[in-house]
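Chemist: Below is one structure. I have some questions about it.
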Amino acid sequence: MSELRRLIESSDAYGSALRIQRDRLSISEWLKQLVPEDRPEDVVAMLGDGGREKVEQLSDALSAIEVRLRTHPSVSDTLDKEIHRLRAEAETSLILLNEIKREIGLLERNSQQAKQAIDRFDRMERFLGRLEQALELYDRTDQSAGLRQQIDVLKADIAELQRRVSEGEIQRKLRNAIDSIEATTGRLIPRLDAEWPEAPVRLMIQDLTVKVIRGTRDDYLWEIGSGANWLAYHVALTLALQTFFLSLPHHPVPGLLIYDQPSQVYFPRRTAGDQKADPVTWRDQDVEAVRKVFALLGEQVAAANGRLQVIVLDHADDDVWGDLDNVVLAEQWRDHALVPLGWLKSDRPG
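Here you go:
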């Protein structure tokens, strides 16, 4: 169709040129009309020698152009018909093409494989676009010695950062930290009243508990039972965690531990409202087990050089925790409410 349109444009230009020539040659007919039948030589003489022949030549050329102009419209009509035919075929093809596109779209929406192929193609296009942009930027970059040196420094920084945030490096550091905590726990357990003081201990981060390795079997803390075992492993593990945190130059964990009634597993429980005045009799081994806890807490506080504070809330009297280094009575709270009334009446702000 484009070729035919250009052919028609050329035909129109050719017809215009013929009409211009016809208009210019039409003067020959005018000259012939001016020649009198009785004295033709008077007018023709004005054209010089051979004037009559020149007028005849112009008249013959005009006749030939007239013939061309009469045949030219038929060629244009034929081309117009061909263009209309081709346009009709093109419209039919476009209708068929649109129907095929709609069918392809419907199949793509219903096909997971087609969606994946389209997504893969889109990702490839985006990748190629980024690659072309990177190559363009690289071509524009001045490859001077100073710039290359800066690029090498940045590459080294990137490699260092990748090493720090790599999954393998994180797991390695986590394993080293857990090994250090487990080793400290294993060193502290024999100082307490645990049933298996020499058994290795495993810290299970996912389950937030510990596992005791006894020969060929592994026991979770909840499977062991015995309040004495629970107390020993909790105290040893929390102290081991604080020891690990204090060994780091920068850590967000405060150096503070609070234990609520660690002697409860040994101290006989009394019902609420029991006003018996008889003192509770402690067995010697129970007192010794509780004193081990307080003694270990005092030693760890001293080893921390003032960076660790341990607060113990307990009903045990000073005959249990007395005469132990770094164990000090802060307040006797038996006769106070949870929040003393004196605090509420105080004029101090806050």
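Sequential numbering of the sequence shown, starting at 331, is according to this note's numbering. Yeah, the Cβ is synthetic: ideal placement off N, Cα and C, and Gly gets one too.
To the nearest whole angstrom, what separates the beta carbons of F457 and S510, a pair I think is in contact under 8 angstroms?
Modeler: Not quite, the Cβ-Cβ distance comes to about 44 angstroms (not below 8 angstroms), so this is no contact.
Chemist: Pop quiz: L518 and A566 are said to be a contact at Cβ under 8 angstroms. What is the actual Cβ separation, rounded to whole angstroms?
Modeler: Right, the Cβ-Cβ distance comes to about 4 angstroms (below 8 angstroms), so this counts as a contact.
Chemist: Can you give the Cα-Cα distance for Q387 and D407, rounded to whole angstroms?
Modeler: Using only the alpha carbons, I get a separation of about 32 angstroms.
Chemist: For Y468, does the count of other Cβ atoms within 10 angstroms reach 16, so buried, or fall short, so exposed?
Modeler: The residue in question, Y468, is exposed, as its Cβ has fewer than 16 Cβ neighbours within 10 Å.
Chemist: Reducing DSSP to helix, strand and coil, say where D509 ends up.
Modeler: Looking at D509 - three-state DSSP - the assignment turns out to be helix.
Chemist: Assign P520 to one of two classes, buried (16 or more other C-beta atoms within 10 Å of its C-beta) or exposed (fewer than that).
Modeler: Answer is exposed; the Cβ neighbour count stays below 16.
Chemist: So, with DSSP's three-state summary, where would you put I434?
Modeler: In this structure, I434 counts as helix in the three-state DSSP scheme.
Chemist: If you run the structure through DSSP and keep just helix, strand and coil, what is I535?
Modeler: Here I535 sits in coil by DSSP.
Chemist: Helix, strand or coil: how does DSSP classify R478 here?
Modeler: Note: R478 maps to helix in three-state DSSP.
Chemist: Assuming D409 contacts L334 under a Cβ cut-off of 8 angstroms, what Cβ separation, rounded to an integer in Å, is found between them?
Modeler: Residue 409 is actually Leu in this sequence, not Asp. Rounded, the Cβ-Cβ distance is 6 angstroms, consistent with contact.
Chemist: Return the CA-CA distance between K431 and M331, expressed in angstroms with no decimal places.
Modeler: Distance between the alpha carbons of K431 and M331: 24 angstroms.
Chemist: As a quick exercise: from H414, S441, A646, pick the residue whose alpha carbon is nearest that of Q591.
Modeler: Comparing Cα positions, the closest option is A646.
Chemist: Please name the residue, chosen from G636, N635, Y344, W651, that lies closest to V642 on a Cα-to-Cα basis.
Modeler: Of the candidates G636, N635, Y344, W651, the one whose C-alpha sits nearest the C-alpha of V642 is W651.
Chemist: At a Cβ threshold of 9 angstroms, is S593 touching chain C?
Modeler: The structure shown contains no chain C; it is built from a single protein chain.
Chemist: Beta-carbon separation of L699 and I413 under 9 angstroms?
Modeler: Outside the displayed span of the chain (331 to 680) sits residue 699, for which this structure offers no information.
Chemist: Helix or strand or just coil, what does DSSP make of L674?
Modeler: Correct three-state label for L674: helix.
Chemist: Go through its chain and collect everything with a Cβ distance to E445's Cβ below 7 angstroms, but skip five positions before and after it.
Modeler: Glu is not the amino acid found at residue 445; the sequence shown has Lys there. Excluding residues within five positions, the ones whose Cβ falls inside 7 angstroms are E438.
Chemist: Under 9 angstroms between the Cβ atoms of W526 and V542?
Modeler: It is a contact, given that the beta carbons lie within the stated cut-off.
Chemist: So which of Q594, E618, L504, Q630 has the shortest CA-CA distance to T568?
Modeler: Per the Cα distances, Q630.
Chemist: Could you give the residue range of the beta strand (DSSP E) that holds R547?
Modeler: That run of the beta strand (DSSP E) goes 547-550.
Chemist: Excluding the 5 residues preceding and the 5 following A529 in the sequence, name in chain order all residues of the same chain whose CB lies nearer than 7 angstroms to its CB.
Modeler: Excluding sequence neighbours, A529 sits near V542, I543, R544.
Chemist: If we call anything under 9 angstroms between Cβ atoms a contact, is L586 one with Q639?
Modeler: It is a contact, given that the beta carbons lie within the stated cut-off.
Chemist: Who are the near neighbours of D523 in its chain, counting only those whose CB is closer than 7 angstroms to its CB and skipping five residues on each side?
Modeler: Contacts found: A558, A562, A619, K622.
Chemist: Can you look up Q446 in the DSSP assignment and give me helix, strand or coil?
Modeler: The answer is helix: DSSP assigns Q446 an H, G or I state.
Chemist: For L654, which residues of its own chain have a beta-carbon under 6 angstroms away from its beta-carbon, when the five flanking residues on both sides are left out?
Modeler: Closer than 6 angstroms at the Cβ level, and outside the excluded window around L654, lie F624, A625, G628.
Chemist: What would DSSP say about V542, mapped onto helix, strand or coil?
Modeler: Residue state, collapsed to three classes: strand.
Chemist: Is DSSP giving Y344 helix, strand or coil here?
Modeler: The answer is helix: DSSP assigns Y344 an H, G or I state.
Chemist: Would you identify the three-state DSSP class for P653, choosing helix, strand or coil?
Modeler: One point to set straight first is that residue 653 is Asp, not Pro, in the sequence displayed. It is coil, neither helix nor strand.
Chemist: Short of 7 angstroms in beta carbon distance, which residues of its chain neighbour G672, apart from the five on each side in sequence? Order them along the chain.
Modeler: Here the set comprises nothing.
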